[in-house]
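Engineer: Structure below; questions to follow.
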Amino acid sequence: MKTTGGLASRLLVSASSVFEELAPERKPLFSPPLGLTLAVTAAAVVSFAKGVVACTAALAGGVVLASWGKGFKAWISVVLASLLFSLAVTVPLLAVAAEPSSAAPAAFLAVLRAVSAAAVFTGFAVCLGWRGVVEGLGGLGMQELAFSLGLLLKYIPIFLRDLAGILAAREARAVRKGLKLSWTLLASAAGEVLVRGYARVEALRMALEARNFTGSAFTVERRARLSKVEVALLAYTLSIAAAAWWSI
Amino acid sequence: MSKLAVVGARFSYPGGFEALKGASFSLREGEIVGVLGPSGCGKTTLLLVAAGLLEPLEGEVLLDGEPLRDQLPEARKKLGIVFQEPDDQLFNPTVKDELAFALRQLGLSEATVDEKVKAVAAALGLTHLLNKPAFALSGGEKKRVAIASVLVYDPEVLLLDEPTAYLDSRWKKALESLLIELKASGAAVAVATHDVDFAARVTDRVYLMVDGRVAAEGPAREILSDERLLSEAGLEPPGPVAAFKALRGVGRPPLRFEELRATLAATLARRFAFRSRSRLPRSSHRFNR
């Protein structure tokens with residue numbers, strides 16, 4: 002969606018587009034419960050890896066998965082955001098370190114861990130789609146969490162687009178333009194967003210009540226045998242785990 | 479006996495806005511009832527109260543003659559409500575999950591769920607959208623999904639809030655046919671709308687709401703041809719009534735029974751008065767002669 006609004010509203014619309022891109026129409030490319038388990042395992046082992054091999058493998062695997070799942074744009078957005086945030090944490094630490102030159106490798110590894118964990122998880126998520134992630138949680142026996150996540154994933158883009166709409170309406174009536182104004186308007190829109198959020202929660206409560214909600218809304222297809230792709234993904238995740246374990 | 483009745487309901491929203499001020503409403507089996515009125519008159523609140531989703535501060539909701547609150551949640555299977563805003567109603571990851579939600583809650587087998595979902599999706603032109611996330615659909619498609627998500631479990635009472643909003647003329651016509659089929663099958667249907675043309679085509683009876691109260695109630699043909707009543711409720715008469723008025727050029731809708739009787743009485747009275755006036759001189763003339 003293109004917008005002519007200010008920076009803040011453009012940022013919000015872009016963020017909601019990422020969520021929408023991660024919700025493809027097609028079915029997940031592999032079993033959601035297995036895919037989710039592998040995604041969490043790979044991201045977790047990479048987060049604690051002491052060597053660069055596991056991190057690089059995770060990063061490369063993320064690229065392959067994102068390309069396969071045809072969601073490279075969403076993948077790169079998440080990877081760049083995690084790079085930005087991890088740099089924002091590590092660079093100031095380097096500045097205050099007693100010996101910045103000796104702290105640099107550790108800082109580099111910290112950034113690499115964060116980015117590669119985000120990369121591999123997002124790669125799996127792109128292939129599964131939000132629906133697959135939610136189904137995966139349901140398949141792993143976390144029905145209520147799956148349902149809550151399903152609602153969250155539906156409402157985040159709506160919430161972001163609402164906020165972008167409020168901002169665009171305010172910016173259209175503003176005499177001045179600029180970054181400072183965008184962020185001031187964003188802060189002033191918070192109250193309206195809260196009120197709308199309350200109205201949405203009440204509407205959701207009624208929608209759930211109206212259709213006999215009991216908490217068991219998800220059914221997941223269970224298969225006894227793994228496909229070739231699933232075996233390959235399992236082997237890939239185990240190799241990352243092994244690399245991280247032996248600190249290569 | 480009414481299938482569903484709201485008796486003297488009062489309701490205020492947090493903040494003090496009194497949306498219903500003693501509104502009453504009833505719905506019989508095999509009947510389509512229209513709830514008409516301007517925006518903010520309490521139509522939506524009346525339907526939410528009727529569906530048992532809002533608890534009235536005063537008054538009562540009766541389903542099959544018994545208080546609805548004593549029958550919940552079992553009675554939910556008999557009631558279906560389509561919200562005004564489809565975004566408020568749709569909360570599942572895909573259209574298929576949305577349509578299957580209520581059926582799965584009812585404990586039906588996946589094969590039955592699949593069969594019913596496909597049937598309702600075909601009826602409302604949603605087959606090609608089944609695997610799409612609901613938030614990625616257009617307004618009209620979302621509205622059709624919202625309607626299908628309720629129709630799929632065959633509720634005995636169907637409450638539709640602005641069902642024609644977002645729908646183009648093709649789907650309005652399809653909805654009309656669906657409602658008429660539902661009526662024929664014995665369902666009780668209430669439609670809150672300010673689309674008087676749609677109401678004129680599908681409803682049997684109409685409640686006209688103004689400021690949280692029912693200002694008038696009666697057969698749709700009668701209420702919807704009363705320009706004065708409609709004007710008081712801030713509504714325009716349906717297209718055919720307006721066209722008839724324009725063609726007649728007399729500035730009034732067809733006569734109602736009471737008006738017809740009054741007109742006839744006045745005409746007869748004038749006629750008798752004329753005859754008695756015209757006879758008097760003749761008889762006096764005769765007398766004089």
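Same order as they appear, the protein sequences are chains A and B. Start counting the first sequence at 2; every next residue gets the next number (this note's numbering). Start counting the second sequence at 479; every next residue gets the next number (this note's numbering). Glycine residues also receive a C-beta, built at the ideal position from the N, C-alpha and C atoms.
1) Taking Glu210 (chain A) as the query, report the chain B residues whose CB atoms sit under 7 Å from its CB, ordered along the chain.
2) What does the alpha-carbon distance come out to for the pair Gly63 (chain A) and Ser117 (chain A)?
3) Closest to Val79 (chain A) by CA distance: which of A:Val41, A:Ala120 and A:Val54 is it?
4) Check distances from the C-beta atoms of the segment 117–136 of chain A to those of chain B and list, in chain order, the residues that come in under 7 Å.
5) What does a CB cutoff of less than 6 Å around Tyr156 (chain A) pick up in its chain, not counting 5 residues either side in sequence?
6) Report the rounded CA-to-CA distance for Glu714 (chain B) versus Val674 (chain B), giving the unit in angstroms.
7) Would you say Thr671 (chain B) and Ala677 (chain B) are within 7 Å of each other, going by their C-beta atoms?
8) Can you tell me whether Tyr491 (chain B) is helix, strand or coil according to DSSP?
9) Thinking C-beta only, is Val598 (chain B) closer than 7 Å to Ala469 (chain B)?
10) List, in chain order, every chain B residue whose beta-carbon is nearer than 8 Å to that of Pro158 (chain A).
11) Determine the direct distance from the alpha carbon of Ala98 (chain A) to that of Thr572 (chain B), and round the result to whole angstroms.
12) When you compare the CB of Ala670 (chain B) with every CB in chain A, is at least one pair closer than 7 Å?
13) Would you please state the rounded distance, in angstroms, between the beta carbons of Gly603 (chain B) and Tyr644 (chain B)? I believe it to be under 8 Å.
14) Only counting the same chain, and skipping five residues up and downstream in sequence, which positions put a Cβ closer than 7 Å to that of Phe109 (chain A)?
15) When the cut-off is 7 Å and only beta carbons count, does Pro516 (chain B) lie next to chain A?
16) Could you check how far apart the C-beta atoms of Lys594 (chain B) and Leu581 (chain B) are, in whole angstroms? I think they sit under 8 Å.
17) Output the distance between the C-alpha atoms of Thr1 (chain A) and Leu129 (chain A), rounded to the nearest integer angstrom.
18) Since Leu637 (chain B) and Ala668 (chain B) should fall inside the 8 Å C-beta cutoff, what is the C-beta to C-beta distance between them, to a whole number of angstroms?
19) Between Phe489 (chain B) and chain A, is the shortest Cβ-Cβ distance under 7 Å, so that the two count as touching?
20) With a cut-off of 7 Å, does the C-beta of Ala624 (chain B) fall near any C-beta of chain A?
21) Taking only beta-carbon atoms, is Gly216 (chain A) less than 7 Å away from chain B?
22) What residues from chain B crowd round Ala204 (chain A), counting only those whose CB sits closer than 9 Å?
23) In angstroms, rounded to a whole number, what distance separates the CA positions of Leu526 (chain B) and Phe489 (chain B)?
24) Exposed or buried, which one is Leu74 (chain A) when buried takes at least 16 other CB atoms within 10 Å?
25) Return yes when the Cβ of Ala483 (chain B) is within less than 7 Å of the Cβ of Gly520 (chain B), no when it is not.
26) Is there a Cβ of chain B sitting closer than 7 Å to that of Leu84 (chain A), yes or no?
27) Is it true that the segment 196–214 of chain A meets the segment 548–562 of chain B, where meeting means three or more beta-carbon pairs spaced less than 8 Å apart?
28) Here's the rule I'm using: 16 or more other beta-carbon atoms within 10 Å means buried, otherwise exposed. How should Ser183 (chain A) be labelled?
29) Pick from B:Leu524, B:Ala553 and B:Glu509: whose alpha carbon is nearest that of Leu535 (chain B)?
30) Taking all protein chains shown into account, decide if Asp565 (chain B) is buried (16 or more other Cβ within 10 angstroms of its Cβ) or exposed.
31) Just mark Thr238 (chain A) as buried or exposed, buried being the case when its beta carbon has 16 or more other beta carbons within 10 Å.
32) Short of 8 Å Cβ to Cβ, which residues in the segment 570–591 of chain B face chain A?
33) So, for Leu138 (chain A): in the same chain, excluding its five sequence neighbours on each side, which residues have a beta-carbon less than 7 Å away from its beta-carbon?
34) Kindly say whether Lys51 (chain A), judged by its beta-carbon, lies nearer than 7 Å to any beta-carbon of chain B.
35) How would you list, in chain order, the residues of chain B whose beta-carbon sits under 7 Å from the beta-carbon of Leu152 (chain A)?
36) If the cut-off is 8 Å on Cβ atoms, which residues from the segment 60–86 of chain A count as contacting chain B, listed in chain order?
Structural biologist: In this structure, then:
1) Counting from one through the first sequence, the residue named residue 210 (chain A) turns up at place 209. Those are Leu531, listed as they occur along chain B.
2) Here residue 63 (chain A) refers to the residue found at position 62 when the first sequence is read from its first residue. Here residue 117 (chain A) refers to the residue found at position 116 when the first sequence is read from its first residue. Approximately 8 Å, taken between the alpha carbons.
3) Within the first sequence, the letter at position 78 stands for residue 79 (chain A). Answer by Cα proximity: A:Ala120.
4) Trp131, Arg132 and Val135
5) The residue labelled residue 156 (chain A) in the question sits at position 155 within the first sequence. Hits under 6 Å: none found.
6) Along the second sequence, one-based indexing puts residue 714 (chain B) at 236. Along the second sequence, one-based indexing puts residue 674 (chain B) at 196. Between Glu714 (chain B) and Val674 (chain B), the C-alpha separation is close to 7 Å.
7) To locate residue 671 (chain B), count along the second sequence from 1; it is residue 193. To locate residue 677 (chain B), count along the second sequence from 1; it is residue 199. In this structure, Ala677 (chain B) lies closer than 7 Å to Thr671 (chain B) by Cβ.
8) In the second sequence, residue 491 (chain B) corresponds to position 13, counting from 1. Coil.
9) With chain B represented from 479 up to 767, any question about residue 469 (chain B) goes unanswered, as that position is not in the structure.
10) Here residue 158 (chain A) is taken as the residue at index 157 of the first sequence, counted from 1. Near Pro158 (chain A) (Cβ distances below 8 Å), the residues of chain B are Phe613.
11) Taking the first residue of the second sequence as position 1, residue 572 (chain B) is located at position 94. Taking the first residue of the first sequence as position 1, residue 98 (chain A) is located at position 97. C-alpha separation (whole angstroms): 50 Å.
12) Position 192 of the second sequence, counting from 1, holds the residue named residue 670 (chain B). No, Ala670 (chain B) does not count as interfacial toward chain A.
13) For the purposes of this step, residue 603 (chain B) is identified with residue 125 of the second sequence, where counting begins at 1. For the purposes of this step, residue 644 (chain B) is identified with residue 166 of the second sequence, where counting begins at 1. Gly603 (chain B) to Tyr644 (chain B), Cβ: 14 Å. No contact.
14) Translated into the one-based positions of the first sequence, residue 109 (chain A) becomes position 108. Hits under 7 Å: none found.
15) Position 38 of the second sequence, counted from the start, is the residue given in the question as residue 516 (chain B). It does not; no Cβ of chain A falls within 7 Å.
16) The residue you call residue 594 (chain B) lines up with position 116 of the second sequence. The residue you call residue 581 (chain B) lines up with position 103 of the second sequence. Contact flag correct, Cβ pair sits at about 6 Å.
17) This structure cannot settle anything about residue 1 (chain A), because the visible part of chain A is limited to 2 through 249.
18) Position 159 of the second sequence, counting from 1, holds the residue named residue 637 (chain B). Position 190 of the second sequence, counting from 1, holds the residue named residue 668 (chain B). That pair is a contact at about 5 Å.
19) Within the second sequence, the letter at position 11 stands for residue 489 (chain B). No, no contact with chain A.
20) By 1-based counting over the second sequence, the position of residue 624 (chain B) is 146. Closer than 7 Å: no.
21) Sequence index remark: in the first sequence, residue 216 (chain A) carries index 215 (1-based). With a pLDDT of only 45 at Gly216 (chain A), under 50, the local geometry of the prediction cannot be trusted, and no value is derived from it.
22) Within the first sequence, residue 204 (chain A) is the residue found at index 203, counting from 1. Here the neighbours are Phe561, Glu563, Asp565, Asp566 and Gln567.
23) Counted from its first residue, the second sequence places residue 526 (chain B) at position 48. Counted from its first residue, the second sequence places residue 489 (chain B) at position 11. So the two alpha carbons sit approximately 11 Å from each other.
24) Counting from 1 along the first sequence, the entry for residue 74 (chain A) is found at position 73. The residue you asked about is not Leu; residue 74 (chain A) is Lys in the sequence shown. It is exposed - the Cβ of Lys74 (chain A) has fewer than 16 other Cβ atoms within 10 Å.
25) Here the question's residue 520 (chain B) lines up with position 42 in the second sequence. Here the question's residue 483 (chain B) lines up with position 5 in the second sequence. Their beta carbons are not under 7 Å apart, which means Gly520 (chain B) does not touch Ala483 (chain B) by this criterion.
26) Position 83 of the first sequence, counted from the first residue, corresponds to residue 84 (chain A). Closer than 7 Å: no.
27) yes
28) Translated into the one-based positions of the first sequence, residue 183 (chain A) becomes position 182. Buried, since its Cβ has 16 or more Cβ neighbours within 10 Å.
29) As a working mapping, residue 535 (chain B) is identified with position 57 in the second sequence. Closest by alpha carbon: B:Leu524.
30) Taking the second sequence and counting its residues from 1, one reaches residue 565 (chain B) at position 87. It counts as buried.
31) If you number the first sequence from 1, residue 238 (chain A) lands on position 237. Buried is the call here.
32) Asn570, Pro571, Thr572, Asp575, Phe579, Ala580, Arg582, Gln583, Leu584 and Glu588
33) For the purposes of this step, residue 138 (chain A) is identified with residue 137 of the first sequence, where counting begins at 1. Here the set comprises Leu37, Leu146, Ala147 and Leu150.
34) Indexing the first sequence from 1 puts residue 51 (chain A) at position 50. Not an interface residue.
35) Residue 152 (chain A) sits at position 151 when you count from the first residue of the first sequence. By Cβ distance, chain B contributes Phe569.
36) The residues in question: there are none.
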